[in-house]
Amino acid sequence: MFQNIIEVLILSAIQGISEFLPISSSAHLILVSSLYEFKSSSLLIDISLHLGSLFAIIYFFRMDLLDVKNNKRLLSLIILGSIPLIIVGYILYSTGIIYELRNIKIIAWTTLIFGIVLFIADRNRFDKKISSNLNLRSILFISLFQILSLVPGVSRAGITITAARILRFNRLDSSKISFLLSIPALGGASFLGLKDVFSQSVEFNYLVVIAIVASFIFSFVTVKFFLIYINKFSMNAFVIYRIIIALILFAIIY
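In my numbering, the protein residues as written are 613 to 866.
Put into structure tokens, the structure is as follows:
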């Protein structure tokens, strides 16, 4: 029992921290689970981890989400910007293609390539803001980039921040756009997962509660401090981290 709890806490930390940083949560969860063969890792636990992150980001932006009157335009753009990912994600999921993408070679290359793309996009200082510059054209541009996050290693946070930086949004608002777009993305992923769970005879247990709570805590803390960090520093630390991870994976593969 103690080992299962430790494993769930480790997976919660990986999910909560990497989901909102530009380093790919799916890649880290896949790699850690495959390398260490966690006994507690399962579809239900995976869904619980995503639900924890979903609840955390909703709670963090609760004031913006509840203030529909003043944020109607922003929330509408976020919903519209999530449609392409949901459609393509469902197609890849229903056809089984999504599972074919989960291999270490793909993760290694996407981690490296999109880390470099993030570095290039983040080099210059831009000053566009959500309040005055986010429109239908820009959110659709970002949403098309977000589709690439269905491939492990790309990083949903990383690719959406990259797209926003290409459009000349400042780092802080680029990150906020990414976080808001994560709500429909996490919601969609959780819905598909729950659909599979309810079609099977899966037993709910205490590990599910631990996974949700721990993932919530790690996710909330990560979002809070990332926004503080990114307001002062560049994305270089995450780019370097991605390159190191990629090189380690290349060493293992080749």
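C-beta atoms are modelled at their ideal positions from N, C-alpha and C, and glycine is treated no differently. Computed from a predicted model, the values in this text were never measured in an experiment.
ask   = Going by alpha carbons, who is nearest to I725 out of I865, A863 and A858?
value = Nearest of I865, A863 and A858 to I725, Cα basis: A858.
Span separating the alpha-carbon of I606 from that of Y702 = Only positions 613 to 866 of the chain appear in the structure, and residue 606 is not among them; the question remains open.
inquiry  = One question on the structure: do P634 and I773 come within less than 8 Å of each other, judged by their Cβ atoms?
reply    = yes
query = Taking the alpha-carbon positions, what's the I878 to R685 distance?
reply = Outside the modelled stretch of the chain, which goes from 613 to 866, sits residue 878, for which no answer is possible.
Residue from I754, R735 and D785 with nearest C-alpha to I771 = I754
Strand pairing of F781, partner residues [DSSP] = K740
query = Within 10 angstroms of its Cβ, does F614 collect 16 or more other Cβ (buried), or is it exposed?
reply = exposed
message = Can you give me the C-alpha to C-alpha distance between V763 and S786, rounded to a whole angstrom?
response = When rounded, the distance between both Cα atoms is 21 Å.
task = Spatial neighbours of V835 within its chain, please: CB distance less than 8 Å, with the 5 preceding and 5 following residues excluded, ordered by chain position.
result = F632, A668, I669, F672 and F791
ask   = How many angstroms separate the CA atom of S706 from the CA atom of L806?
value = Computed Cα separation, rounded: 14 Å.
inquiry  = For a quick check, are the C-beta atoms of L819 and V620 less than 8 Å apart?
reply    = Cβ atoms of L819 and V620: closer than 8 Å.
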